[in-house]
Amino acid sequence: MTTKINLLAVSLFLPVFIFAQNVIPEPAQYRPVKGEFILTIAENKALETNNVLPARVIQRIAPDCTVGSDEAYRLEITPDSVFIQSTTVTGAFRGEETLKQLLRSGKGTTSACVINDAPRYSWRGFMLDESRHFFGKEKVKQLLDIMASLRLNVFHWHLTDEPGWRIEIKKYPLLTKVGSKGNYHDPSAPAAFYTQEDIKDIVAYAAARHIMIVPEFDMPGHATAACRAYPELSGGGEGRWKDFTFHPCKEETFRFISDVLDELITLFPSPYIHIGGDEVHFGNQEWFTDPQIQQFIKDKQLMNETGLEQYFVRRVADIIAAKGKTMIGWDEIVDAGVSPDKAVVMWWRHDRRYQLLKALESGYRVIMTPRRPMYGDFVQYSTHNVGRYWDGYNPIEDVFSFPRSIEHLFKGYESQIMGMQYSLWTERVADVKRFDFMVFPRLVAAAEAAWTPAVRKDYSRFMRRLPFFLHWLDTKNIYYFDPFAPERRPEPTAPEKEDVLQNG
Ligand code: TNX
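Residues -20 to -1, 1 to 484 (mature numbering (1 follows the signal peptide of the UniProt record, and there is no 0)) make up the sequence shown, in order.
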């Protein structure tokens, strides 16, 4: 008898989870209410053109709303009307996107409900490498539309690297005239880059969707395209890594970097600028023999070439801080000793967990995008062959579950974790078809991982909602991998080239 009563008492206090229909990411709280909200034909038309604000959808943006963080919102749907409440325009926008998903999957009808929602992480990103292959404005805009629906809020844009420099810089016209020619598999591919007008247009397009764009200007390594345009800036490199680095101690290099940053800052309102900082050792062979560099190491008492690399990173951090921005760098920068108020660390080397710990213990804020499972250039299914493997691959389930498997590592440091990111490197992604296949639906899983509170995440429920999102991607002719029918959509190929992805 007592056991029965106890059980009853326990079950009364157990949280009863009820889940929203076909909303991705799953909201923090959802409560169904009796009745349905049905759009009129005219309202349905408006929805098709992306406008969900007819007379019966009422928005209230008031700082006194008690809905929570900046991106939090409350969506209340009754049979007669819809209320979206938030303290900010961004929060209201996130609520609108949820409403659009509900109405789309219900074909203009949705059950009445109350949703109280807020993101788990403030950085919910997607990174695209357009140096190795260039995809262009229309593809980027389509991606931003999809990101908005998924409530992703950061587009990290990798615009400079070995094969091509992809952004017009007025003060250094050769960057695009010379540096934008070629791509990863074809050095003679025609010039491809974004003009400053293109950039302004895309930045505005993203801002209208409450997405911040963070540009990446990779240095001192991965600088080959810039060095091709301005050989006097090259710090050398060997073999296939020829001209991979900027010259790390010429004043001219730092002037160039500062000038380029000035133009980037004018174009991108983001408070962050990504400076790369990765894999310098691939191509710094000439640093060991160049007399000017060796003298510089002695004069500044830098210990060795690694010390010089760290000096370079500290100096760039200071340049960026002096311009009122915060630097972001790949996790190598943790060793450079930059003050944690000047830099944010992007953890990518999944096999170096201590680098994540070191970043946190040193006081840095961290964005997590470990190769496993967050890199989109890894294959995603057991029978796939095109793409990377590293002790396995990156199935959608692992992306969805992230960061569960490493949560114990950042226990006690949760407030320093800004969030996470799905990153697409494009050495082996040469066309839109393969781009789609490697991004979708894993990006959908990443969005839920970054937004939904850990206790609300459930993979099988996610997979039940996923088809509705895939139907929407169908309307955009996206060639996604279909996890429900893996054989139906063959894996797109990529041009063959000796695989040089040797990072570690
Ligand atoms: C490592 S991630 C790189 C990229 C490559 C990628 C391929 C990082 C900071 N550097 O240059 O494209 O691996 O997976």
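The beta-carbon is built from N, C-alpha and C at its ideal position, and this holds for glycine as well.
| Asked | Found |
| --- | --- |
| Residue nearest to Asp321 in terms of C-alpha spacing, selected from Ala301, Gln335, Trp137 | Ala301 |
| Identified DSSP bridge partners for Gly399 | Trp103, Ile347 |
| Proximity below 8 Å, CB of Pro195 to CB of Val260 | no |
| His202 Cβ short of 7 Å to the ligand TNX heavy atom set | yes |
| Touching by the beta-carbon criterion (3+ pairs, under 8 Å), the region 70 to 80 and the region 47 to 57 | yes |
| Proximal residues to Pro470 (C-beta, below 7 Å), its chain only, five neighbours per side dropped | none |
| Straight-line gap, Glu341 to Ile308 (C-alpha atoms, nearest Å) | 17 Å |
| Given Val318 as reference, the closest of Ile299, Ala203, Arg332 once Cα atoms are compared | Ile299 |
| Through-space distance from Arg352 to Tyr402, alpha-carbon basis | 10 Å |
| Candidates Lys303, Thr432, Met354, of which the one nearest Phe106 by Cα | Met354 |
| Helix, strand or coil at Phe135 [DSSP, three-state] | strand |
| With 16 other Cβ atoms within 10 Å as the buried cut-off, status of Ser440 | exposed |
| Contact test: Glu341 Cβ vs the ligand TNX heavy atom, cutoff 7 Å | no |
| DSSP state of Glu212 mapped onto helix, strand, coil | helix |
| The region 419 to 432 in contact with the region 5 to 25 per 3-pair CB rule at 8 Å | yes |
| Helix, strand or coil at Gly256 [DSSP, three-state] | strand |
| Where Ser444 falls: helix, strand or coil (DSSP) | The sequence shown places Arg at residue 444, rather than the Ser named in the question. The answer is helix: DSSP assigns Arg444 an H, G or I state. |
| C-beta contact flag for His190 and Gly256 at 8 Å | no |
| Neighbour flag for Val62 against chain B, beta carbons, 8 Å | Looking at the structure shown, chain B is missing, and only one protein chain is on hand. |
| Helix, strand or coil at Gly201 [DSSP, three-state] | coil |
| For Val325, the residue or residues it bridges with in DSSP | Gly309, Val346 |
| Beta bridge counterpart(s) of Trp145 as assigned by DSSP | Thr140 |
| Cβ-heavy atom distance, Glu407 to the ligand TNX, below 7 Å | yes |
| Candidates Thr90, Asp198, Arg414, of which the one nearest Glu364 by Cα | Just to set this straight, residue 364 is His in the shown sequence, not Glu. Of the listed residues, the one whose Cα sits closest to His364 is Arg414. |
| Stretch-stretch touch, CB-based, cutoff 8 Å, three pairs: the region 215 to 230 with the region 163 to 183 | no |
| Coil, strand or helix - Ala92 by DSSP | strand |
| Residue interval of the alpha helix (DSSP H) (run including Gly71) | 69 to 85 |
| Selected residue, minimal CA-CA separation from Phe197, among Val325, Ala209, Leu244 | Leu244 |
| Alpha carbon of Gly86 to alpha carbon of Ile253, nearest angstrom | 41 Å |
| DSSP-derived helix/strand/coil call for Pro367 | The sequence shown places Gly at residue 367, not Pro. The answer is coil: DSSP assigns Gly367 none of H, G, I, E or B. |
| Ser66, DSSP secondary structure in three states | strand |
| heavy atom of the ligand TNX below 7 Å from Glu148 C-beta | no |
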